[in-house]
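The structure under discussion appears below in the form of structure tokens.
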Amino acid sequence: GRLAPGLRSFHVGGPPEASTEANVSHGKEKQASVELPLHWSEWQLLDSILPTGGFAHSFGLEAAIQARLISSPDDLRTYVIHILENTGSLLLPFVCTATTSPDLETWHKLDRMLDATLTNEVSRKASTAQGSALLRVAASVFTEVPSLKKMREISLNFGDVAFHHAPLFGIICGLLGLHRGTSQRAYMFITLRDIISAATRLNLVGPLGAAVLQHQIAFVAEAMLKKWKDRAVEEACQTSPLLDTVQGCHAYLFSRLFCS
Amino acid sequence: MESKIEAATGKLVVKKVGGKSTVTRCFSKYPLKFIIPNKVGSSETDAVWVYTLTYGGGIVSGDSISCEITVADACTAVLTTQASTKVYKSLGSKSSEQILEAKIGSDALLAVIPDPVTCFSTASGRHESGEKWDFELYRSTNHIFLEGDQPLFLDSVLLEQGNITNIAERMQDYQVIAMVILLGPKLKQIQIQVQENVRRMMSEQLYLPSTGLRPHGKTQSDHFLAKPSFVVSCSAFGPKGIGIVVRIAAMTTESVYRFLQHQLAGMETLLGVSPYS
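Top line first, the protein sequences correspond to chains E and G.
In this text, residue positions in the first sequence follow full-length UniProt numbering: the first is 1, and each later residue adds one.
In this text, residue positions in the second sequence follow full-length UniProt numbering: the first is 1, and each later residue adds one.
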């Protein structure tokens, strides 16, 4: 039977089975199946408290400050917008394709391709660190999707999978039942969330100011999403070569809070 | 690898003839022309230099110039331009394009050392103040594949005027961007040297401004807070880091030429002449 959109049913403590009604028990299962609205998983996935190590990355903001490219609140706002545009043009195609085809073969192909596309060593390493952490957490948390754990184990055994962040984010969203529209918007959201968080830790803005800025920029992020969503990975491109160059300087910083 | 360019404007094949890298096939049609001097640099170096020239000195809208080059095993070829490529905008313009497709054999070396591409917003080609980055669209794609079409380096930069962000704002005061790719075991020493040089250069340029974020005010130490006029970073890529990519954003073309001259001086032994000298 078909599940109502947005709902996923699972047996507490047992493997997932197709079920059309709440409170129906199958065979020997004594516990009732529970239908959990997808919002719970979606919100947990986007919550910054999920331990994926996103707090370690500043998206080149720390290097930009030390290169004196950010010297006013306007500069910060501009910087965030440019990073969001580049996220749209470069990474959304990977999130989109992965969400639409969340299978092992597609994932590996996207992972290889993104590895060749992230030519900036700093952002490439940040991507693999975050992707690995995300998959590890997702496999442990979303146990009703056993393929997450399986795909992770198979790929660790292969040894040449980089575990890049954007494709994995898309895969996890796809396997959870999220639509590609949602996953791409979510990816823009977490990028905005993480840069704003980095900005507060770099003392560019206070917590309240950061929250205000995040909401203001959300309108711009939505416009970026509309412009860059649903594209093929062959079209992926970067739109901010200056920021790419500056982010690449992160390894030259004498003192730093962040990994990238 | 099959040729994907149906009617290439130019084709070049470099093979060993009598133990020396030689152009064995050279075809070009308007507006592209190849100039192949008999001797460039030291006679001890085995390298053939090919200069490309575009009639009219520039590319106008609708032009599509494509070039295929094959460098056979153990050969060395250098592809360079005679002067900077100027792209002009004309009324009702379609976009123009330049495509280079290269196939490189084992133990072979291809050096592509072009002069800059300059985009002018006016048909007359005069660079007026306030017109910086004032073109509609510029896309630069550099893809490198290993044997079996395995993607190694997929880079595509798109500069397009948008309603939310314009190009000048993204580029700030930097008038020039450049990228250098050094790939393969023959270039290992130069790669190591360049990485070290770039690290040293930029370490001096990056520091925490002593003042924090200031709202629009000026400070007494403005020069201390000025952006570096030359920003460069270097990344390794590929299995075992067989390649490095250097990215540059600079305020003047001259500073980029100086940088390239200095960093690539070590290539004289491979190419016969130092690039950009």
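Even glycine gets a Cβ: it sits at the ideal position worked out from N, Cα and C.
- The Cβ-Cβ distance between residue 8 of chain G and residue 66 of chain G falls below 9 Å.
- Between residue 236 of chain G and residue 181 of chain E, the alpha-carbon positions lie close to 34 Å from each other.
- Closer than 8 Å at the C-beta level to chain E, one finds these residues of the region 225-258 of chain G: 225, 226, 227, 228, 231, 232, 233, 234, 235, 236, 237, 245, 247, 248 and 249.
- Taking a cut-off of 8 Å on C-beta distances, the region 116-131 of chain E does not touch the region 72-88 of chain E, as fewer than three cross pairs fall below it.
- Under the DSSP assignment, residue 133 of chain G falls outside any beta strand (DSSP E); it carries neither an H nor an E label.
- Any Cβ of chain E closer than 9 Å to the Cβ of residue 207 of chain G would place that residue at the interface, and such an atom is present.
- Residue state for residue 209 of chain G is assigned as coil, using DSSP reduced to three classes.
- Counting along the chain, no alpha helix (DSSP H) covers residue 251 of chain G, and no H or E run does either.
- Between residue 166 of chain G and residue 241 of chain G, the alpha-carbon positions lie close to 35 Å from each other.
- The distance from the Cβ of residue 14 of chain G to that of residue 77 of chain G is about 4 Å, consistent with a contact at the 8 Å cut-off.
- Taking all protein chains in view, the Cβ of residue 234 of chain G is crowded by 16 or more other Cβ atoms within 10 Å, so the residue is classified as buried.
- For residue 139 of chain G, the CB contacts under 6 Å within the same chain, skipping 5 residues up- and downstream, are 158 in chain order.
- For the 9 Å CB-CB criterion, residue 69 of chain G and residue 49 of chain G do not form a contact.
- Contact between the region 178-195 of chain G and the region 251-264 of chain G is present: three or more C-beta pairs spanning the two stretches fall below 8 Å.
- Using a 10 angstroms sphere on the CB of residue 143 of chain G, the tally of other CB atoms stays under 16, which defines it as exposed.
- Every candidate beta strand (DSSP E) stretch fails here, since none sits fully inside the region 143-178 of chain E while reaching 3 residues.
- Residue 11 of chain G: member of the beta strand (DSSP E) spanning 10-17, first to last residue.
- The secondary-structure analysis by DSSP pairs residue 155 of chain G across a beta bridge with G:142.
- For residue 124 of chain E, there is no enclosing beta strand (DSSP E); the residue is part of the alpha helix (DSSP H) that begins and ends at 121-141.
- Excluding the 5 residues flanking it on each side, residue 250 of chain E has same chain C-beta neighbours closer than 6 Å at 63, 122 and 260, in chain order.
- Taking the Cα of residue 239 of chain E as reference, the smallest distance to any Cα among G:170, G:22, G:39 and G:17 is reached at G:170.
- Rounded to the nearest whole angstrom, the CA to CA distance from residue 51 of chain E to residue 222 of chain E is 26 Å.
- Boundaries of the beta strand (DSSP E) harbouring residue 79 of chain G: 76-81, taken from the DSSP string.
- Residue nearest to residue 102 of chain G within the set G:156, G:11 and G:63 is G:11 (criterion: CA-CA distance).
- Taken through DSSP and simplified to helix, strand or coil, residue 233 of chain E comes out as helix.
- Against residue 111 of chain E, chain G offers no close residue; the least beta-carbon distance is about 11 Å (beta-carbon pairs closer than 9 Å).
- Excluding five sequence positions before and after residue 64 of chain G, the CB atoms of its chain that fall closer than 6 Å to its own CB belong to 97, given in chain order.
- Among the residues of chain E, none has a CB under 9 Å from the CB of residue 99 of chain G; the nearest is roughly 16 Å distant.
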